[in-house]
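First the structure, in the form of structure tokens, and then the observations on it.
Number of protein chains: 2
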Amino acid sequence: MRVRRRVTLLDVARAAGVSRTTASYVLNGRTEMRISADAHERVRRAADRLGYRPNRNALSLRTATSMTFGMVTDFVSSGQASSQMISGASLACLDSGHLLLIGETEGDPLVERRLIEEMIDRQVDGILYATLVSSQVQVPAPLAGCRTVLLNCRDRDGETASVMPDDFGGGRAAARVLLDAGHRDRVFVVGEEITPGGLSGAARLSGVRTELSAAGAEVADVVACEWAVVPAYESVSKWLSTGVRPTALVCLNDRVAMGTYQAIGEFGLDVPADVSVVSFDASELAGWLRPTLTSVEVPYAHLGGQAVHALMRPEPLRPGVRAVAMPVRRGGSVRPGVM
Amino acid sequence: MRVRRRVTLLDVARAAGVSRTTASYVLNGRTEMRISADAHERVRRAADRLGYRPNRNALSLRTATSMTFGMVTDFVSSGQASSQMISGASLACLDSGHLLLIGETEGDPLVERRLIEEMIDRQVDGILYATLVSSQVQVPAPLAGCRTVLLNCRDRDGETASVMPDDFGGGRAAARVLLDAGHRDRVFVVGEEITPGGLSGAARLSGVRTELSAAGAEVADVVACEWAVVPAYESVSKWLSTGVRPTALVCLNDRVAMGTYQAIGEFGLDVPADVSVVSFDASELAGWLRPTLTSVEVPYAHLGGQAVHALMRPEPLRPGVRAVAMPVRRGGSVRPGVM
DNA sequence: ATCACATGCTGAAGCGAATCAGCAACGATC
DNA sequence: GATCGTTGCTGATTCGCTTCAGCATGTGAT
């Protein structure tokens, strides 16, 4: 069987007995051009019958717009963050007929450069530059002159539009949960980063401190550890073996909370009877643990969606960070409130 | 500042003092056209100096190829599978200068249809049709006539090229691990699906059975439960409370294994001293649990890469399933082998 | 001097669409 | 009956690129 050529506008025009121009006007709903109802009808029918679909690349050549956005990420496969951002971005594109080009750099600046150039070569209408962990970045040179939104990151001078989670607000929310449950003393924070990789840890901690001190309480101490299950388990075990007995713990993410659970369990302490635990991320993990975790969600999908919406708006992007609220997801890890 | 127009081939040609044709031949390395070394040099310099980059969409118009693949998935945000497939596909695209368009359907056939059409409108050179859970699918109508590779799924008649994990082989590998550790009796399987959503469960179970019977052993019984932590915990708890005492468990995925761990722990049994556990997925979870899980990996990234490579090859796609091996990832959940 | 051939380039067409400018045909107006 | 305005279209150009066909010029053979 011969490969059948795609149906073009000319085919439709011929089938309808009109010129390409007329067909174009009809199919684009350009009413200012006075086309008879009859011609209108004939073109529509022909397009339908032939299954006409416009060639977006040809269109892009004329209109200098491709209805396509690019998304560059350092890591997509690790964890939920990237994939949820992709998901949110992809879904936000859908309504408006945009599509999303994606590229994973694995943190390699050369790959990053190549991907961005390839995207610009395809005339993308804008680029999402995303990082797995919330961080401060140097906007890559090839992005200069390209409509760009930073996603889960920001640049040093705040010159580029950026969408980030409000970790500070999230920290305050976490502290509020504990305060509402009557916790005022022996509230500890677990997960201060040894080698800070991102911005979220410090912001969350700062939020917790702010909210507690506004209520006249304070963070009793901070336990440092990597944001991973095993290191958290080890750090908390060691720490508990010094005899400290917390009544409430703020774990700076869910993996830290999981390690903390394991350590707490081994010391015969019960969550939430002996220790309340609040965490961040509200990942699947939060639902798997027993009791389920009360965790402050990072709305990654929403971030992705917001970033795409920013790209889609006609006006110029306004510089600076747009902070997205982090809602508290209630689990069973905080003792019931004291009235 | 005026928006500066992109540099076109004509700009380069003018700067080099040659025709567009000559510039094109030089930049595309078309040696059969006899260009003097001098002109060659001038064009190269001009292109470099002006920072020329070809407009891929214009190019696609001429060559009917876009150096872009599409990837349609039902769910990208849930779990690691999709994101790893995306990652593998994206990376495989990189070397050859391809880029990946992605779209998430959320299982909606209408959205699926729209996404596929949008991709075809952008002249993609091929489409990856992926599903989160390994399953049998009906290839969507708009894909007819489009170079398509099914990813983590297959069609009923095997008429479409497909890349899938070798779950049967994985099942055999899991059983082999237990056999090598001397397990022959009281080997149970946990996670037979109540409402089978995918193909992998049955294939894994069948692999386990095959390998065991080849060694003269057999599966003592199968515990049914959903593939999620809490249901697995509940099912295994109930099951253990009937007094059964397994010596080895094959959990059909890591989340089932996690729930199983919780149940086992509550019954005072030790992994691996009392019970060996082997699982599937080799997700992050496998490393978080204590002891770490021995788990048969589903090489999602590799699947994605393979699928892209299939799309890239010049020859026609050959129908049928390409099964990708699932390697065993050793953890500490299986008792040391008995010689 | 003529022809053949290689060398080194260029002009123009065409890919599929949008869109500006123009142009017949027709009725109404003065 | 000449002018005007409206209606309903179409031709030609353009976007950036590839590529076929052709065309000067120089060189060696006859």
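So the protein sequences, as listed, match chains R and G. Position one of the first sequence corresponds to residue 5 (the working numbering), numbered consecutively onward. Position one of the second sequence corresponds to residue 5 (the working numbering), numbered consecutively onward. Built from N, CA and C at the ideal position, the CB exists for glycine as well.
If you draw a straight line from the alpha carbon of residue i to that of residue j, how long is it in whole angstroms?
i, j, result
"residue 340 (chain G)", "residue 186 (chain G)", "9 Å"
"residue 3 (chain G)", "residue 104 (chain G)", "What the structure shows of chain G is the stretch from 5 to 343, and residue 3 (chain G) is not part of that stretch, so it cannot be assessed."
"residue 332 (chain R)", "residue 219 (chain R)", "19 Å"
"residue 140 (chain G)", "residue 203 (chain G)", "7 Å"
"residue 205 (chain R)", "residue 102 (chain R)", "34 Å"
"residue 298 (chain R)", "residue 336 (chain R)", "6 Å"
"residue 385 (chain R)", "residue 137 (chain R)", "For chain R, the structure presents residues 5 to 343; residue 385 (chain R) sits outside this window and is missing."
"residue 209 (chain R)", "residue 80 (chain R)", "26 Å"
"residue 234 (chain G)", "residue 247 (chain R)", "33 Å"
"residue 16 (chain R)", "residue 148 (chain G)", "21 Å"
"residue 84 (chain R)", "residue 65 (chain G)", "38 Å"
"residue 13 (chain R)", "residue 56 (chain R)", "7 Å"
"residue 20 (chain G)", "residue 62 (chain G)", "22 Å"
"residue 49 (chain G)", "residue 43 (chain G)", "10 Å"
"residue 254 (chain R)", "residue 213 (chain R)", "11 Å"
"residue 296 (chain G)", "residue 271 (chain R)", "20 Å"
"residue 143 (chain G)", "residue 109 (chain G)", "14 Å"
"residue 177 (chain R)", "residue 300 (chain R)", "8 Å"
"residue 153 (chain R)", "residue 304 (chain R)", "15 Å"
"residue 243 (chain R)", "residue 257 (chain R)", "18 Å"
"residue 95 (chain G)", "residue 86 (chain G)", "14 Å"
"residue 278 (chain R)", "residue 215 (chain R)", "23 Å"
Which term fits residue i, buried or exposed, when burial requires 16 or more other beta carbons within 10 angstroms of its beta carbon?
i, result
"residue 40 (chain G)", "exposed"
"residue 172 (chain G)", "buried"
"residue 266 (chain R)", "buried"
"residue 343 (chain G)", "Any reading at residue 343 (chain G) is ruled out, since the residue's pLDDT is 49, under 50, leaving its predicted position unreliable."
"residue 250 (chain G)", "buried"
"residue 168 (chain R)", "buried"
"residue 222 (chain R)", "exposed"
"residue 175 (chain G)", "buried"
"residue 264 (chain G)", "buried"
"residue 111 (chain G)", "exposed"
"residue 198 (chain R)", "exposed"
"residue 123 (chain G)", "buried"
"residue 125 (chain R)", "buried"
"residue 162 (chain G)", "exposed"
So, does the CB of residue i fall closer than 9 Å to a CB anywhere in chain R?
i, result
"residue 113 (chain G)", "no"
"residue 53 (chain G)", "no"
"residue 237 (chain G)", "yes"
"residue 233 (chain G)", "yes"
"residue 123 (chain G)", "yes"
"residue 58 (chain G)", "yes"
"residue 94 (chain G)", "yes"
"residue 79 (chain G)", "yes"
"residue 106 (chain G)", "yes"
"residue 70 (chain G)", "yes"
"residue 299 (chain G)", "no"
"residue 163 (chain G)", "no"
"residue 337 (chain G)", "no"
Do we get a CB-CB distance below 9 Å when we pair residue i with the residues of chain G?
i, result
"residue 62 (chain R)", "yes"
"residue 264 (chain R)", "no"
"residue 278 (chain R)", "no"
"residue 86 (chain R)", "yes"
"residue 305 (chain R)", "yes"
"residue 268 (chain R)", "no"
"residue 294 (chain R)", "yes"
"residue 322 (chain R)", "no"
"residue 131 (chain R)", "no"
"residue 151 (chain R)", "no"
"residue 11 (chain R)", "no"
Just list the residues that DSSP pairs residue i with in beta bridges.
i, result
"residue 104 (chain G)", "R:106, G:73"
"residue 155 (chain G)", "G:134, G:167"
"residue 301 (chain G)", "G:285"
"residue 192 (chain R)", "R:225, R:253"
"residue 327 (chain G)", "G:168"
"residue 139 (chain G)", "G:157"
"residue 332 (chain G)", "G:300"
"residue 280 (chain G)", "G:252"
Contact between the region 25-42 of chain G and the region 87-102 of chain G: three or more CB pairs below 8 Å?
-> no
Check whether the region 123-133 of chain G touches the region 71-90 of chain G, taking contact to mean three or more Cβ pairs, one atom from each stretch, closer than 8 Å.
-> yes
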